[in-house]
Amino acid sequence: MNQLSVQHLLGIKHLNASDIDLIFKTADHFKEVINRPIKKVPSLRDITIANLFFENSTRTKLSFELAEKRLSADVINFSASGSSVSKGETLIDTANNILSMKVDLIVMRHPHVGACDFLSKNVDARIINAGDGTHEHPTQALLDSYSIREKLGQVKGKNVVIVGDILHSRVALSNIYALQLQGANVKVCGPKSLIPKYIESLGVQVESNLKKALEWCDVANMLRVQNERMDINYFPSTREYTQLFGVNKDLLDSLSEKIVIMHPGPINRGVEITSDVADSDQSIILNQVENGVAVRMAVIYLLAQQIER
Amino acid sequence: MYFCIPNNVLELMSQKILLSAKEIDIILNRLACQLIENHTDFSETVLIGIQPRGIYLAERLCYILQNNYEINDIQLGQLDITFYRDDFRRREIPIEANKTTIDFIVENKNVVFIDDVLYSGRSIRAALTAIQSFGRPLEIELLVLIDRRFSRHLPIQPTYLGRQVDVINEEKVLVQWKEKDGVDAVYIQNK
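Chains W and R supply the protein sequences, listed in that same order. Counted from 1, the first sequence has number 92 at position 78 by this note's numbering; the numbering is strictly sequential. Counted from 1, the second sequence has number 233 at position 155 by this note's numbering; the numbering is strictly sequential.
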């Protein structure tokens, strides 16, 4: 197969294993491209992409924008603050107004679950979900799996534990789908109050003891506690959270095998991981960022390929 | 009276051999000599096989230069042009990319593009753009095994050529390599 089975990237849930394989193979080529002295290819020179960010973002927005520019697409950026959204404009109106400017593809981040799905059904453009509320963040999961594949050779059969605020994390859900699709074993670990009630129905095991979870795994993906999404206190104090679910160098060194540490960013240093862990040779956090550009180039390239002239 | 012709026989009937293994061998040796004639010192020359099928010809020439003429400092690369093609979103079945392996800078080097068949010239146009990502070459030459004369869409001509052929658009020139296809041969087929 050299075409994706989907027209939009709304979530990993809609992809199959050969889609992921195709994205990774294409990303391999783009990774080589972005390490050349001149890091740009002309493939998308007649494609216009709108980045609609209704929620704050640093890494994802920069990474998408760089990926689009490396592919020679024309890029327009939109952020909710200072726009007509604050004047009461609806999502469809905003999108249609932007599409009237002859935009082919939309990359959108939105605080509401399902916003990208809704948009894909109502506007005539390809949609890439850059995070919708607490639902999915597919490109993050793809770059996480791509980084595991790069570091450990393959994802199949690997044990991956996702630690932290699973309840509010779109990275966790997308990662669970992506890892399982590729044949990895997934556990989640965190305070009981931050683990969704029916998570086990996804075929994921819950481990409440961090040390046991780390002994079991090949890779630990450390998530940030998303205070901005919390309406109540889910745990007594940050200090207690760090003591029970934070990874420090002593804990890492006490394990019988060397594990790989990942983090989707932004890191709260000293909370979920300490600085010496984040900066250690076991951490692939900065590789994830580099791979993010290559993986997003692959996704955009493969979706743009399907746009009719 | 009616009789059926099996498909494989039909295929054989619509395919004729243009070059045999022996003829290819003679041509490759001649092309290698022509390269030496123009590039006495290969330290400033890089050979670039164009993906997907030009890499076999490039490797073969490199082998001849090293083993028959003891030129050991050859820099050989493989260039994929998929992302530089001018038919993106114009094909029914998208082309899959191949690996690019150029572990050197081509700045001020004499670059020799190597491909099996020169047809419309569009692949070479894409390669001319793609190579710029690795520096500004001093000079670029083109070596092809088969030149399909009179079928060019762009003003591109080979510097070195194995055999020039006149083939109509409905026909295809197929180059097979021992490493990939089990035999060295060039065929003309009906599309």
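Glycine is no exception: its CB is placed at the ideal position from the N, C-alpha and C atoms.
Within the same chain, and ignoring the five residues on either side of W:Met115 in sequence, no residue has its Cβ closer than 6 Å to its Cβ. At a beta-carbon threshold of 9 Å, the residues of chain R lying near W:His43 are Asp158, Thr160, Phe161, Ala175, Asn176, Lys177 and Thr178, ordered along the chain. Inter-segment contact for the segment 126-136 of chain W and the segment 158-170 of chain W is absent: fewer than three beta-carbon pairs are separated by less than 8 Å.
Residues of chain W with a Cβ closer than 9 Å to the Cβ of R:Gly213 are, in chain order, Pro51 and Ile52.
In the three-state scheme derived from DSSP, where H, G and I count as helix and E and B as strand, R:Gln235 is classed as coil.
When CB distances to chain W are screened at a threshold of 9 Å, not a single residue of the segment 117-142 of chain R falls below it. Between the alpha carbons of W:Leu266 and W:Val291 lies a distance of about 8 Å. Proximity of R:Pro172 to chain W, defined by a Cβ-Cβ separation below 8 Å, is satisfied. Listed along chain R, the residues sitting closer than 8 Å to W:Thr40 by beta-carbon distance are Ala175. In terms of Cβ geometry, R:Leu157 and R:Ile180 form a close pair [threshold 8 Å]. Boundaries of the beta strand (DSSP E) harbouring R:Thr123: Thr123 to Ile128, taken from the DSSP string. If the five residues before and after W:Asn110 are omitted, its C-beta is found closer than 7 Å to the C-beta atoms of Val137, all from its own chain and listed in chain order.
The beta carbons of W:Val169 and W:Met236 sit no closer together than 8 Å. Neighbours of R:Gln210 in chain W, taken as residues whose beta carbon is under 8 Å from its own, are Ile52 in chain order. If the five residues before and after W:Val309 are omitted, its C-beta is found closer than 6 Å to the C-beta atoms of Ala41, Leu156, Leu157 and Tyr160, all from its own chain and listed in chain order.
By the criterion of a C-beta distance shorter than 7 Å, W:His28 is surrounded in its chain by Val20, once the five residues flanking it on both sides are discounted. At a C-beta separation below 7 Å, W:Val239 has no neighbours in chain R, since its nearest C-beta there lies roughly 40 Å away.
Within the segment 185-205 of chain W, contact with chain R at the beta-carbon level (separation under 9 Å) is assigned to no residue.
When C-beta atoms of the segment 214-226 of chain W are compared with those of the segment 182-202 of chain W, three or more pairs fall below 8 Å, so the two segments count as touching. Within chain R, no C-beta atom comes less than 8 Å from the C-beta of W:Ile141; the nearest is roughly 18 Å away.
DSSP places R:Cys111 inside the alpha helix (DSSP H), whose first and last residues are Ala99 to Asn116. When the five nearest sequence neighbours on each side are left out, the beta carbons in the same chain lying within less than 8 Å of the beta carbon of W:Leu208 are those of Gly178, Asp179, Ile180, Leu181, His182, Val239, Tyr248 and Phe249, in order along the chain. DSSP assignment within the segment 176-249 of chain W yields the following whole beta strand (DSSP E) runs of 3 residues or more, N-terminal first: 199-203, 219-221 and 233-236. Against W:Pro56, the close residues of chain R are Phe161, Tyr162 and Thr207, in the order they occur along the chain (beta-carbon pairs closer than 8 Å). Secondary structure at W:Glu271: coil, using DSSP grouped into helix, strand and coil. Looking at the DSSP output, W:Ser93 bridges to W:Phe67. Identification of chain W residues near R:Ile183 by a Cβ-Cβ cut-off of 8 Å yields Pro51, ordered along the chain. A straight line joining the alpha-carbon of W:Ile48 with that of W:Ser251 spans about 43 Å. The C-alpha of R:Glu219 lies about 17 Å from the C-alpha of R:Gln129. Taking the beta carbon of W:Val47 as reference, the chain R residues within 9 Å of it are Phe161, Thr178 and Ser211, listed in sequence order. Taking all protein chains shown into account, W:Ser215 has fewer than 16 neighbouring C-beta atoms within 10 Å of its C-beta and is therefore exposed. In this structure, W:Leu24 sits near W:Ser134, with a CB-CB distance shorter than 8 Å.
Assignment of W:Phe44 by DSSP, reduced to helix, strand and coil, places it in the helix class. The beta carbon of W:Asp88 sits closer than 6 Å to those of Thr62, all from its chain and outside the five residues before and after it, given in chain order. Minimum Cα-Cα distance from R:Glu122 among the listed residues R:Ile104, R:Ile152 and R:Ala99 corresponds to R:Ile152. Cβ-Cβ separation between W:Arg123 and W:Ser71: approximately 6 Å, consistent with a contact (criterion under 8 Å).
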